[in-house]
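These notes concern the structure reproduced below.
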Amino acid sequence: MCRLPGLSDEENRALYGEAANPHGHGHNYVVEVTLDGTPDPVTGIVFDLKKLKEVLNREIVEPMDHRFLNEEVPPFDRVVPTSENLAIEIWRRVQPRLEEAGARLHSVRVWESEDFCAEFQGESS
(Lines of atoms letter the chains of each structure in order from A; the text may use other names.)
(Lines give C-alpha, C1' and ligand atoms only; values in the text may rest on other atoms or scores of the structure.)
Protein backbone atom coordinates (compact mmCIF):
# COMPACT_ATOMS: atom_id res chain seq x y z
CA MET A 68 0.00 0.00 0.00
CA CYS A 69 1.24 3.47 -0.84
CA ARG A 70 -0.10 6.39 1.15
CA LEU A 71 1.27 9.76 2.12
CA PRO A 72 0.45 10.69 5.70
CA GLY A 73 -1.55 13.89 5.94
CA LEU A 74 -3.35 13.43 2.62
CA SER A 75 -6.99 12.44 2.36
CA ASP A 76 -8.08 9.09 0.95
CA GLU A 77 -9.06 10.84 -2.26
CA GLU A 78 -5.70 12.60 -2.61
CA ASN A 79 -3.83 9.34 -2.00
CA ARG A 80 -5.99 7.53 -4.57
CA ALA A 81 -5.28 10.29 -7.10
CA LEU A 82 -1.52 9.80 -6.56
CA TYR A 83 -1.28 6.02 -6.18
CA GLY A 84 -4.48 4.58 -7.62
CA GLU A 85 -5.39 1.12 -6.29
CA ALA A 86 -2.06 0.99 -4.42
CA ALA A 87 -3.54 3.53 -1.96
CA ASN A 88 -6.29 1.12 -0.92
CA PRO A 89 -5.69 0.23 2.75
CA HIS A 90 -7.91 -2.86 2.43
CA GLY A 91 -6.67 -5.59 0.19
CA HIS A 92 -3.70 -4.25 -1.74
CA GLY A 93 -0.40 -6.00 -1.23
CA HIS A 94 2.72 -7.05 -3.10
CA ASN A 95 4.97 -10.05 -3.33
CA TYR A 96 8.29 -8.37 -3.98
CA VAL A 97 11.38 -10.06 -5.31
CA VAL A 98 14.64 -8.56 -4.07
CA GLU A 99 17.84 -8.89 -6.08
CA VAL A 100 21.19 -7.83 -4.67
CA THR A 101 24.42 -7.60 -6.62
CA LEU A 102 27.82 -7.61 -4.98
CA ASP A 103 30.99 -6.02 -6.25
CA GLY A 104 34.48 -7.33 -5.75
CA THR A 105 37.24 -9.63 -6.87
CA PRO A 106 36.63 -13.34 -6.45
CA ASP A 107 38.83 -15.04 -3.89
CA PRO A 108 41.57 -16.93 -5.77
CA VAL A 109 40.95 -20.09 -3.73
CA THR A 110 37.15 -20.21 -3.43
CA GLY A 111 36.31 -18.36 -6.66
CA ILE A 112 33.59 -16.32 -4.94
CA VAL A 113 33.27 -12.68 -3.90
CA PHE A 114 31.17 -13.51 -0.82
CA ASP A 115 29.79 -16.72 0.66
CA LEU A 116 26.21 -16.99 -0.63
CA LYS A 117 25.09 -18.82 2.51
CA LYS A 118 26.26 -15.85 4.58
CA LEU A 119 24.58 -13.44 2.16
CA LYS A 120 21.30 -15.33 2.52
CA GLU A 121 21.63 -15.14 6.33
CA VAL A 122 22.13 -11.35 6.14
CA LEU A 123 19.16 -10.91 3.80
CA ASN A 124 16.92 -13.07 5.98
CA ARG A 125 17.91 -11.26 9.17
CA GLU A 126 17.83 -7.69 7.80
CA ILE A 127 15.02 -7.89 5.22
CA VAL A 128 12.86 -11.02 5.22
CA GLU A 129 12.30 -11.41 8.96
CA PRO A 130 11.35 -7.78 9.65
CA MET A 131 9.42 -7.14 6.39
CA ASP A 132 7.86 -10.35 5.07
CA HIS A 133 4.07 -10.57 5.51
CA ARG A 134 3.98 -7.20 7.26
CA PHE A 135 1.83 -4.13 6.75
CA LEU A 136 4.82 -1.96 5.88
CA ASN A 137 3.02 1.34 6.51
CA GLU A 138 2.27 0.43 10.11
CA GLU A 139 4.71 -2.29 11.15
CA VAL A 140 8.08 -1.52 9.55
CA PRO A 141 9.96 1.72 10.17
CA PRO A 142 10.73 3.92 8.29
CA PHE A 143 7.61 3.17 6.23
CA ASP A 144 5.42 4.62 8.92
CA ARG A 145 6.89 7.95 7.68
CA VAL A 146 8.10 7.11 4.15
CA VAL A 147 5.90 5.76 1.37
CA PRO A 148 6.89 2.12 0.70
CA THR A 149 7.36 2.40 -3.04
CA SER A 150 9.70 -0.02 -4.78
CA GLU A 151 12.21 2.81 -5.00
CA ASN A 152 12.08 3.52 -1.27
CA LEU A 153 12.22 -0.20 -0.47
CA ALA A 154 15.40 -0.55 -2.54
CA ILE A 155 16.99 2.37 -0.65
CA GLU A 156 15.97 0.97 2.75
CA ILE A 157 17.24 -2.50 1.87
CA TRP A 158 20.58 -0.94 0.87
CA ARG A 159 20.69 0.95 4.15
CA ARG A 160 20.11 -2.25 6.13
CA VAL A 161 22.34 -4.64 4.15
CA GLN A 162 25.39 -2.56 3.18
CA PRO A 163 26.78 -2.19 6.74
CA ARG A 164 26.49 -5.96 7.34
CA LEU A 165 28.43 -6.67 4.15
CA GLU A 166 31.07 -4.06 4.93
CA GLU A 167 31.64 -5.75 8.29
CA ALA A 168 32.54 -8.91 6.35
CA GLY A 169 34.70 -7.10 3.78
CA ALA A 170 32.19 -7.22 0.90
CA ARG A 171 30.66 -4.42 -1.16
CA LEU A 172 27.08 -4.06 -2.26
CA HIS A 173 26.77 -2.96 -5.88
CA SER A 174 23.00 -2.64 -6.36
CA VAL A 175 19.60 -3.52 -4.96
CA ARG A 176 16.64 -4.21 -7.23
CA VAL A 177 13.11 -4.57 -5.94
CA TRP A 178 10.78 -6.29 -8.38
CA GLU A 179 7.16 -5.33 -7.82
CA SER A 180 5.97 -7.41 -10.77
CA GLU A 181 7.64 -9.42 -13.50
CA ASP A 182 7.93 -6.32 -15.68
CA PHE A 183 8.64 -3.57 -13.15
CA CYS A 184 11.53 -3.04 -10.78
CA ALA A 185 13.31 -0.19 -9.08
CA GLU A 186 17.09 -0.23 -8.66
CA PHE A 187 19.31 1.61 -6.22
CA GLN A 188 23.07 1.90 -6.42
CA GLY A 189 24.56 3.76 -3.49
CA GLU A 190 28.16 4.57 -2.95
CA SER A 191 30.23 1.64 -1.74
CA SER A 192 33.06 2.16 0.68
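Plus 67 on top of the position in the sequence shown (first one is 1) and you've got the working numbering.
Each residue gets a CB set at the ideal place from its N, CA and C atoms; glycine is no exception.
Legend entry - Same chain, Cβ closer than 7 Å to I155, five either side skipped, listed in chain order: Locating residue 155 in the sequence shown gives position 88, where the first residue counts as 1. Closer than 7 Å at Cβ, skipping near neighbours: F187.
Legend entry - Contacting residues, own chain, Cβ-Cβ under 8 Å from V113 (five flanking each side not counted): As a first step, residue 113 is located in the sequence shown; it is residue number 46 there, counting from the start. These residues qualify, in order along the chain: L102, D103, G104, T105, P106, D107, A170.
Legend entry - W158 and V97 closer than 8 Å at C-beta: The residue you call residue 158 lines up with position 91 of the sequence shown. The residue you call residue 97 lines up with position 30 of the sequence shown. For W158 and V97, no; Cβs fall outside 8 Å.
Legend entry - Boundaries (first-last residue) of the alpha helix (DSSP H) holding L23: Nothing in the structure corresponds to residue 23, since the chain is present only between 68 and 192.
Inset, instruction - Starting from L102, trace the beta strand (DSSP E) both ways and give me its first and last residue. - result: By 1-based counting over the sequence shown, the position of residue 102 is 35. In the DSSP annotation of this structure, the continuous segment of the beta strand (DSSP E) that includes L102 starts and ends at 97 to 103.
Inset, instruction - Use the C-beta contact count for E126: other C-beta atoms within 10 angstroms, 16 or more gives buried, fewer gives exposed. - result: Your numbering for residue 126 matches position 59 in the sequence shown. Its Cβ being crowded by 16 or more others within 10 Å, E126 is buried.
Legend entry - Distance CB(Q162)-CB(L153) smaller than 8 Å: For the purposes of this step, residue 162 is taken as residue 95 along the sequence shown, with counting starting at 1. For the purposes of this step, residue 153 is taken as residue 86 along the sequence shown, with counting starting at 1. It is not a contact, given that the beta carbons lie outside the stated cut-off.
Legend entry - Inter-residue Cα distance where the pair is K120 and S174: Along the sequence shown, one-based indexing puts residue 120 at 53. Along the sequence shown, one-based indexing puts residue 174 at 107. Straight-line Cα distance between these residues: approximately 16 Å.
Legend entry - Separation of T149 from G189, as counted between CA atoms: Residue 189 sits at position 122 when you count from the first residue of the sequence shown. Residue 149 sits at position 82 when you count from the first residue of the sequence shown. Distance between the alpha carbons of G189 and T149: 17 Å.
Legend entry - Close Cβ partners of F183 (< 6 Å) along its chain, the five nearest in sequence each way excluded: Within the sequence shown, the letter at position 116 stands for residue 183. None.
Legend entry - S180, enclosing beta strand (DSSP E) - first and last residue: Counting from 1 along the sequence shown, the entry for residue 180 is found at position 113. Segment 171 to 180, the beta strand (DSSP E) holding S180.
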